[in-house]
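Chemist:
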Amino acid sequence: MGFGFGGEWAVGAILIGETVRARYRGRAVGTVQSGWAVGWGVAVGLYVLTQSLFPPETAWRLLFALGVLPALGVFWIRGTCPNPRCSSGPPIGAAIVRPSSGSSAPTCCAPRWCARCCAPAPKAATDRLGRRPALVVCAVAAFVIVLPMTLLNLPTPVFTVLALPLGFVASAYFSGLGALLTEQYPTELRGSGQGFCHNFGRGIGALFPLLVGLLADALSIGVAIAMFAGIAYLVMAFCALLLPETRGAELTGTVP
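Each residue of the sequence shown is one higher than the one before, starting from 60 at the first, in our numbering.
#1: Please classify residue 197: is it buried, with 16 or more other beta-carbons within 10 angstroms of its beta-carbon, or exposed?
#2: Pick from 212, 88, 279 and 105: whose alpha carbon is nearest that of residue 389?
#3: When DSSP labels each residue in this structure, what does residue 230 get in the three-state scheme?
#4: With C-beta atoms as the reference, is residue 267 less than 7 Å away from residue 287?
#5: Please report the distance separating the alpha-carbon of residue 203 from that of residue 187.
#6: With a 10 Å radius around its C-beta and 16 neighbouring C-beta atoms as the bar for buried, classify residue 137 as buried or exposed.
#7: Determine whether the beta carbon atoms of residue 85 and residue 238 lie at a separation below 7 Å.
#8: Measure the C-alpha to C-alpha separation of residue 243 and residue 195 and round it to an integer number of angstroms.
#9: Where in the segment 268-313 do unbroken runs of the alpha helix (DSSP H), each at least 4 residues long, occur, reported from the N-terminal end onward?
#10: Would the beta-carbon of residue 283 fall within 7 Å of that of residue 294?
Here it is in C-alpha cells:
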C-alpha cells in the first residue's frame with residue numbers, strides 16, 4: 060500500500076500539472092490534493108457504519124475490501140483521460156546521471172520533511188504569489204505556531220484554537236508542492252524526479268516519530284516534537300528559497 064500511495068501521488072500531480080494551463084496549475088493541483096479530506100471523512104463514516112453493523116473481526120476486513128472501489132475509479136479515470144501532449148517524448152537516460160552541482164538536493168529533501176496533515180488550502184496563493192513565497196510563508200507560520208503548542212503548558216481551549224491555523228499552514232504547502240515539483244523537471248525526467256522527491260522525503264519523515272519516541276525519555280515528548288517539527292519547517296523554508304521560482308512556467312520536453 061505504501062508503494063501504491065507513493066506512486067499515485069506523484070503520477071496524479073504530474074497528470075494534472077501537464078493537463079492544466081500554467082496560470083491555473085497551482086490551484087488545480089491544490090484543489091485535487093485537498094480532496095483527500097473528503098476521502099478521509101467518507102472512510103471515518105464507513106468505519107463507524109461497519110463497526111456498528113458487523114463484529115470487529117469482520118468489520119475491518121469489510122472496510123479494507125471497500126477500498127477497492129476508489130482504486131477501480133482510478134483505473135477508469137486513467138483509461139478514459141488522454142495523455143497530455145507534453146507527456147510524450149523520447150526518454151533520455153543519460154540525463155538521470157548528468158552533473159547537477161547538487162541542485163536537486165533541496166528539491167528532494169525539503170518538502171516532505173514537514174507535517175503531512177492536509178486540508179483545503181489556499182490554492183490560488185501559489186498562482187498569485189508564487190510557489191516559493193507560499194512555501195516559505197507556510198513553513199515559517201507553522202514554525203511560529205508549533206513552538207508554543209509543544210513547549211508551553213497551554214490551556215486546552217488555547218491549544219485547540221492554535222491547532223486550527225497550524226493544521227491549515229502545515230498542509231497548505233501541498234497546494235504548491237505538486238505544481239512546483241512538476242515544473243522543476245523536463246518531460247523526460249518528470250515522473251522519476253517527482254516520484255523520487257516525494258518518496259525519498261516520505262522515507263526520511265517516517266524516521267521522525269521513532270526519533271521523537273527515543274528522545275522523549277531523555278527530554279520530554281513536547282521538547283522532542285518541537286525539535287524535529289521546528290527543524291523540518293526551517294529546512295523547508297530554507298530549501299524553498301534555493302529553488303527557482305516556476306510560477307507560470309510552461310512545461311518543456313528537453314533536458315537543460
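Built from N, CA and C at the ideal position, the CB exists for glycine as well. Note that the coordinates shown come from a computational prediction; the quantities given were computed from them, not determined experimentally.
Modeler: So, to answer that:
#1: buried
#2: The chain is shown only over 60 to 315; residue 389 falls outside these bounds and no answer can be derived.
#3: The answer is helix: DSSP assigns residue 230 an H, G or I state.
#4: yes
#5: 24 Å
#6: In summary, residue 137 is exposed, with fewer than 16 beta-carbon neighbours lying within 10 Å of its beta-carbon over all protein chains present.
#7: yes
#8: 17 Å
#9: 280-301
#10: no
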